[in-house]
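Novice: One structure follows; several queries about it will come next.
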Amino acid sequence: DWLKGITAADFFEFMIILAITVTGLRMTSKYFVSGKNKRAKMILSLSQCKADLKREMTRMKCSPIMLRLAWSDCATYDKNARFWPECGGATGAIRFQPEVRHENNAGLFKAIKLLEPVKKRHPDVSWSDMIQMAGVLSVEITGGPIIKIRYGRIDAPNFHEERNFHSYPVQDSMGGAGGKKGRGPKV
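Heads up: the sequence shown begins at 4 in our numbering, then just goes up one per residue.
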């Protein structure tokens, strides 16, 4: 009954990820090169990143600052902004100096420094996904529920030299709603 509605491709993806997780194998991306395996590659990549990040966060005991980093990154969302990335939100823009040096974000540069080695090991995972992944892992590590979120966010460009759309407390209002949301899988 639990298999109802699951396609053969989804079941195959699940079995690959389960086998990798159980055996601890590290599969290379060479296995997933064809276009039809793009989703499987993304799921594998996110799963490996999540396991690596959880290990690092448990070792470093940094859950509170990671949760604060995730919140501060997405707290810039402006429902009145018309286009992405001007609308703010979970775009990874917190990693840029004008954002991380804002008084409300005091000390968050430490969290970004803690994420940098994990990002180097998982370059195909966006900064915005990794920051939000750290946020949900913070809740899980500290005894909260396991939160499944969608991944596939696109990182905001560093446009702060020209104009800072993500500043506190007021953001530019362009009217309308919109923005890019993760359309990837839940991991």
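Note that the Cβ used here is the ideal one computed from N, Cα and C, for glycine as well. From a predicted model like this one, the values you see are computed outputs, not experimental measurements.
Taking 8 Å as the cut-off, does the region 51–68 touch the region 95–107 (at least 3 CB pairs, one atom from each stretch)?
Specialist: Judged by Cβ distances under 8 Å, the region 95–107 makes no contact with the region 51–68, as fewer than three pairs qualify.
Novice: Inspect the CB distances between the region 74–87 and the region 48–58 and report whether three or more fall short of 8 Å.
Specialist: Output reads no: the region 48–58 does not touch the region 74–87.
Novice: Residues in the same chain with beta-carbon distance under 7 Å from D158, minus the five sequence neighbours each way, listed in chain order, please.
Specialist: By 1-based counting over the sequence shown, the position of residue 158 is 155. Closer than 7 Å at Cβ, skipping near neighbours: T94, G95, S129, W130 and S131.
Novice: Determine the direct distance from the alpha carbon of E89 to that of I149, and round the result to whole angstroms.
Specialist: Against the sequence shown, residue 149 aligns to sequence position 146. Against the sequence shown, residue 89 aligns to sequence position 86. Using only the alpha carbons, I get a separation of about 30 Å.
Novice: Consult DSSP for R153 and reduce its assignment to one of helix, strand or coil.
Specialist: Mapped onto the sequence shown, residue 153 falls at position 150. Looking at R153 - three-state DSSP - the assignment turns out to be strand.
Novice: Would you grab the beta carbon distance between S75 and H125 for me? Rounded to a whole angstrom, and I think it's under 8 Å.
Specialist: For this step, residue 75 is matched to residue 72 along the sequence shown. For this step, residue 125 is matched to residue 122 along the sequence shown. Contact flag wrong, Cβ pair sits at about 22 Å.
Novice: Which one of I134, K57 and M45 has the shortest CA to CA distance from E143?
Specialist: Along the sequence shown, one-based indexing puts residue 143 at 140. Per the Cα distances, K57.
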